[in-house]
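First comes the structure, then the notes that go with it.
Residue numbers (the numbering used here): 25 to 538.
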């Protein structure tokens, strides 16, 4: 008897429908074709045990199973459930009348319990696109898949539940999630707030500009000056995610297997802070299955690299292309996948290896050569891609001892949202551009053209600091954001002056001034 069940293979963010054909004839052999990896090949042993432990006798027959399309590699344990259902249907233990209406995915334990798998959101999107009536998933994945509307999603605890559902012996209700309600209810709560930060008004101003325009920023200062503390509070002043951004972010985390059990949507901008020992592959993505890396997991959020010079130099250099293109392409011999990676890059560093070069209260023990080697770990091309360079001074005791809280994140966020709304209106006819940091060179001439006085000031700065053409563009973009925060249509000279002030590391005398 020949039966068919349906599953999906996830590659990148896209899922491809896989047809599982099970043919049973007289004999005792088992054949599996269709370019399956080890996890899929080993599934037969798990399936036999699961079938036996759920009151059914495993079939003693010649089984031929084909996974179509045959030229696409099948990976992972998510094929356990559709394979088991196909084998039981071919054996006559399950009615095959409903099999064409449902896609299914899930790993089976030896007791028949269903275990969660990754990439279920992409599978649900594919099932809806292919016009399947419903999708059967493990209970722990059901909320993740149920955010896809116009698709009945059933969360099952085990193989026995799926069998009774397909045989019609038990009625099950699909899971329904009010996506918009859950999304908006979870958006406004933050554990960290800028009200906790004492002093550092200049740095908070720079972070506000960075958030308002989506700019990359680096903070340089001694240990204990508050760099990490402020960076971790940056998501609290960023504009809220849109529903489309939330779905895309959730899909990336689903493919990477990073969603917590019972999660439906990621409603707050992600904040990723990998350790400095992170590998190049972990940063950009890749591996055997080309999973998303840190740059993609930070999509629509913040990628924070603390102690930037401690990272491997080659790892830092691979960030250059994602920072420019806002997407990363992972190529393999048989396939190529592309992940989005539009994130705010935030970094912090000390001015020297010991951290106290130029600090008035601590003695620096580093030699000039050590300081030079330390700073040279960050290349010029990478610094060019960072819009704001901010020096973070040590907070004096008088400010630390103040009981009065600083300005709240909510107040800063309100200004940031107003500036972003101006930018959204300005770029409404430019596809893929939502903030000033994303402007192209052509758009700079249209929206960030400085007046003659500002142009003279910028020319002088370019000559004295030997700035690159990319740094010139960064200054104009930051100036455009400063003007937006001020509600000014035109970029004026004081906007340019403040933007130039945020290019500290471009100055040849930077180290001597600390």
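Positions of the beta carbon are idealized from the N, C-alpha and C atoms, including for glycine.
Review point. Quick one: any contact between the stretch 464-471 and the stretch 520-529, if contact means 3 or more CB pairs under 8 Å?
Key: no
Check your understanding: Using DSSP with H/G/I as helix, E/B as strand and the rest coil, what is residue 31?
Key -> Numbered from its first residue, the chain shown carries residue 31 at position 7. Of the three classes helix, strand and coil, the one that applies to residue 31 here is strand, per DSSP.
Check your understanding: Taking the DSSP output, what are the residues bridged to residue 360?
Key -> Locating residue 360 in the chain shown gives position 336, where the first residue counts as 1. Bridge pairing for residue 360: 355 [DSSP].
Check your understanding: Given 8 Å as the limit, is there contact between the stretch 98-105 and the stretch 131-148, that is, 3 or more CB pairs closer than that?
Key -> yes
Practice item. State buried or exposed for residue 193, treating a residue as buried only when at least 16 other CB atoms are found within 10 Å of its CB. Key: Position 169 of the chain shown holds residue 193. So residue 193 ends up on the exposed side.
Check your understanding: When DSSP builds the beta bridges, which residues end up paired with residue 415?
Key -> Locating residue 415 in the chain shown gives position 391, where the first residue counts as 1. Paired residues: 244.
Review point. Taking Cβ to Cβ, would you say residue 34 is nearer than 8 Å to residue 146?
Key: Numbered from its first residue, the chain shown carries residue 34 at position 10. Numbered from its first residue, the chain shown carries residue 146 at position 122. Yes, these two residues count as a Cβ contact at 8 Å.
Check your understanding: From this set, 90, 309, 408, 299, which residue's C-alpha is nearest residue 334's C-alpha?
Key -> Counting from 1 along the chain shown, the entry for residue 334 is found at position 310. Comparing Cα positions, the closest option is 299.
Exercise for review: Counting only the same chain and skipping the five closest in sequence on each side, list residues whose C-beta sits under 6 Å from that of residue 416.
Suggested key: Counting from 1 along the chain shown, the entry for residue 416 is found at position 392. These residues qualify, in order along the chain: 227, 243, 245, 249, 251.
Review point. Are the stretch 294-312 and the stretch 181-192 touching by the rule of at least three beta carbon pairs closer than 8 Å?
Key: No, the stretch 294-312 does not touch the stretch 181-192.
Check your understanding: Straight-line CA distance for residue 295 to residue 369?
Key -> In the chain shown, counting from the first residue as 1, residue 295 sits at position 271. In the chain shown, counting from the first residue as 1, residue 369 sits at position 345. About 10 Å.
Review point. Short check: CB of residue 87 to CB of residue 42, under 8 Å?
Key: Position 63 of the chain shown, counted from the first residue, corresponds to residue 87. Position 18 of the chain shown, counted from the first residue, corresponds to residue 42. Contact: no.
Practice item. Counting only the same chain and skipping the five closest in sequence on each side, list residues whose C-beta sits under 8 Å from that of residue 338. Key: Your numbering for residue 338 matches position 314 in the chain shown. If we look at residue 338 and ignore the five residues flanking it on each side, its Cβ neighbours are 304.
Check your understanding: DSSP puts residue 176 in a beta bridge; with which residues?
Key -> For the purposes of this step, residue 176 is taken as the residue at position 152 of the chain shown. For residue 176, which the question treats as bridged, DSSP gives the partners 158.
Exercise for review: For the beta strand (DSSP E) holding residue 44, just list the boundary residues, first then last.
Suggested key: Translated into the one-based positions of the chain shown, residue 44 becomes position 20. 38-49 is the extent of the beta strand (DSSP E) around residue 44.
Exercise for review: Starting from residue 371, follow its DSSP beta bridges and name the residues at the other end.
Suggested key: Taking the first residue of the chain shown as position 1, residue 371 is located at position 347. Answer is 242, 329, bridged to residue 371.
Point to revise | Cut-off 6 Å between Cβ atoms - residues of its own chain near residue 120, not counting five sequence neighbours on either side | key: Taking the chain shown and counting its residues from 1, one reaches residue 120 at position 96. The residues are 27, 113.
**Study point:** Residues of its chain near residue 170, where Cβ-Cβ distance is below 6 Å and the 5 sequence neighbours each way are ignored
**Key:** Taking the chain shown and counting its residues from 1, the one referred to as residue 170 is at position 146. Excluding positions up to five away in sequence, the list reads 177, 199, 201.
Review point. Residue 182 bridges to which residues according to DSSP?
Key: On the chain shown, residue 182 is found 158 positions in, with the first residue counted as 1. Beta-bridge pairing links residue 182 to 137.
**Study point:** Extent of the continuous alpha helix (DSSP H) to which residue 122 belongs
**Key:** Residue mapping note: residue 122 aligns to position 98 of the chain shown, counting from 1. It is not in any alpha helix (DSSP H) - residue 122 carries neither H nor E in the DSSP assignment.
Point to revise | Touch test, the stretch 282-289 against the stretch 153-168, Cβ-Cβ under 8 Å, three pairs minimum | key: yes
Review point. Could you give the distance in angstroms between the alpha-carbon of residue 72 and the alpha-carbon of residue 83?
Key: Numbered from 1 along the chain shown, position 48 holds the residue referred to as residue 72. Numbered from 1 along the chain shown, position 59 holds the residue referred to as residue 83. Taking the straight line joining both Cα atoms gives about 9 Å.
Check your understanding: residue 464: buried (16+ other C-beta within 10 angstroms of its C-beta) or exposed?
Key -> If you number the chain shown from 1, residue 464 lands on position 440. Classification of residue 464: exposed, given that the 10 Å Cβ count is below 16.
Exercise for review: Taking all protein chains shown into account, decide if residue 520 is buried (16 or more other Cβ within 10 angstroms of its Cβ) or exposed.
Suggested key: For the purposes of this step, residue 520 is taken as residue 496 along the chain shown, with counting starting at 1. So residue 520 ends up on the buried side.
**Study point:** Which listed residue (221, 191, 340) has its alpha carbon closest to that of residue 117
**Key:** Translated into positions along the chain shown, residue 117 becomes position 93. That would be 191, whose Cα lies nearest to the Cα of residue 117.
Review point. Where residue 54 and residue 290 are concerned, what is the direct C-alpha to C-alpha distance, given to the nearest angstrom?
Key: Stepping through the chain shown from its first residue, residue 54 is reached at position 30. Stepping through the chain shown from its first residue, residue 290 is reached at position 266. So the alpha carbons of these two residues sit roughly 43 Å apart.
**Study point:** Residue closest to residue 540, alpha-carbon to alpha-carbon, out of 239, 388, 257, 323
**Key:** Residue numbering for the chain in the displayed model covers 25 to 538; residue 540 lies beyond these limits and cannot be assessed.
Check your understanding: Nearest CA to the CA of residue 351: which residue from 362, 275, 401?
Key -> The residue you call residue 351 lines up with position 327 of the chain shown. The shortest Cα separation from residue 351 among 362, 275, 401 belongs to 362.
Review point. Among 486, 508, 434, which one has its Cα closest to the Cα of residue 447?
Key: Locating residue 447 in the chain shown gives position 423, counting from the first residue. It is 508.
Check your understanding: What are the uninterrupted segments assigned as alpha helix (DSSP H) that are 4 or more residues long and contained completely in the stretch 47-108, given in chain order?
Key -> 62-65, 67-76
**Study point:** Spatial distance of residue 126 from residue 68 (CA atoms)
**Key:** In the chain shown, counting from the first residue as 1, residue 126 sits at position 102. In the chain shown, counting from the first residue as 1, residue 68 sits at position 44. If I take the Cα positions, the gap works out to 22 Å.
Review point. On the premise that residue 408 lies in contact with residue 492, defined as a C-beta separation below 8 Å, what is that separation, rounded to the nearest angstrom?
Key: The sequence position of residue 492 within the chain shown is 468, counting from 1. The sequence position of residue 408 within the chain shown is 384, counting from 1. That pair is a contact at about 5 Å.
Review point. Three-state secondary structure (DSSP) at residue 315?
Key: Stepping through the chain shown from its first residue, residue 315 is reached at position 291. In the structure shown, residue 315 sits in a strand (DSSP, three-state: E or B).
Practice item. Please list, in chain order, all residues of the same chain as residue 451 whose beta carbon is under 7 Å from its beta carbon, the five residues on each side excluded. Key: Numbered from 1 along the chain shown, position 427 holds the residue referred to as residue 451. For residue 451, where only same-chain residues beyond five positions count, the Cβ hits under 7 Å are 457, 458.
Review point. Under a three-way DSSP split, which group does residue 431 fall into?
Key: Numbered from 1 along the chain shown, position 407 holds the residue referred to as residue 431. Here residue 431 sits in coil by DSSP.
Practice item. For the alpha helix (DSSP H) containing residue 385, list its first residue and its last residue. Key: Here residue 385 is taken as the residue at index 361 of the chain shown, counted from 1. Counting along the chain, residue 385 falls outside any alpha helix (DSSP H), and DSSP gives it neither H nor E.
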